[in-house]
Amino acid sequence: MAQILVVDDDHSVRSFTARALTLDGHDVDQADDGDLALERIAEKSGAYDLVLSDIRMPAMDGIAMARTAVKDFPDLRILLMTGYAEQRERAADVEKIVIDVVSKPFTLADIRGAVTEALAA
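Put into structure tokens, the structure is as follows:
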């Protein structure tokens with residue numbers, strides 16, 4: 001069982017993803033923006049096995065959150081997701097700290113597979 005933080009400002013995507021990962025046996029926390037995600041990561045002293053975050057969010061986007069989080073927790077595994085091609089390209093400059101970028105919309109099988117691969121990386 002892995003400790004996973006799901007970060008997305010879209011409640012339906014966040015809850016769908018969290019439910020699926022919980023059904024797979026993972027312990028899942030949720031945050032609706034990058035600022036809150038950083039708070040959760042700090043509260044757990046970076047003990048998440050994976051942070052799964054949307055890139056495009058209003059307060060702090062997933063790329064800024066990833067950059068900030070790895071300063072304090074360099075071993076943190078981060079998997080990003082986006083529905084925007086230009087955001088995927090923006091993520092290329094953080095490829096050393098981000099495992100992969102999952103394209104939205106995704107199926108249950110897609111996200112489960114991406115998380116399994118990210119945890120095995």
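Residue numbering for the sequence shown follows UniProt numbering, starting at 1 and increasing by one per position.
Just so it is clear, CB atoms sit at the ideal spot from N, CA and C, and this is done for glycine as well.
Because the structure is a prediction, the values reported are computed rather than measured.
Query, Result
"Quick check: the Cα distance between residue 48 and residue 39, rounded to an integer number of angstroms?", "12 Å"
"Just checking my contact of residue 99 with residue 78 at CB under 8 Å: how many whole Å lie between their CB atoms?", "6 Å"
"Residue 60 lies in the beta strand (DSSP E); which residues open and close that run?", "First-last for residue 60: undefined, no H or E at that position."
"Is residue 81 buried or exposed, if buried means 16 or more other CB atoms sit within 10 Å of its CB?", "buried"
"Got a sec? Which residues, its chain only, sit under 7 Å from residue 114 by beta carbon, not counting five neighbours each side?", "79, 100 and 102"
"May I have the straight-line CA-CA distance separating residue 28 from residue 5, to the nearest angstrom?", "6 Å"
"Just to confirm the assignment, what range does the alpha helix (DSSP H) spanning residue 6 have?", "First-last for residue 6: 3-7, but that is the beta strand (DSSP E), not the alpha helix (DSSP H)."
"Output the distance between the C-alpha atoms of residue 11 and residue 62, rounded to the nearest integer angstrom.", "16 Å"
"Are residue 9 and residue 74 touching if we call contact CB-CB under 8 Å?", "no"
"Looking at residue 53 and residue 66, is the spacing between their C-beta atoms short of 8 Å?", "yes"
"Are residue 51 and residue 34 closer than 8 Å when you measure CB to CB?", "no"
"By the three-class DSSP mapping on this structure, what secondary structure does residue 98 have?", "coil"
"Taking a contact to mean a Cβ-Cβ separation below 8 Å, would you say residue 20 touches residue 119 in this structure?", "no"
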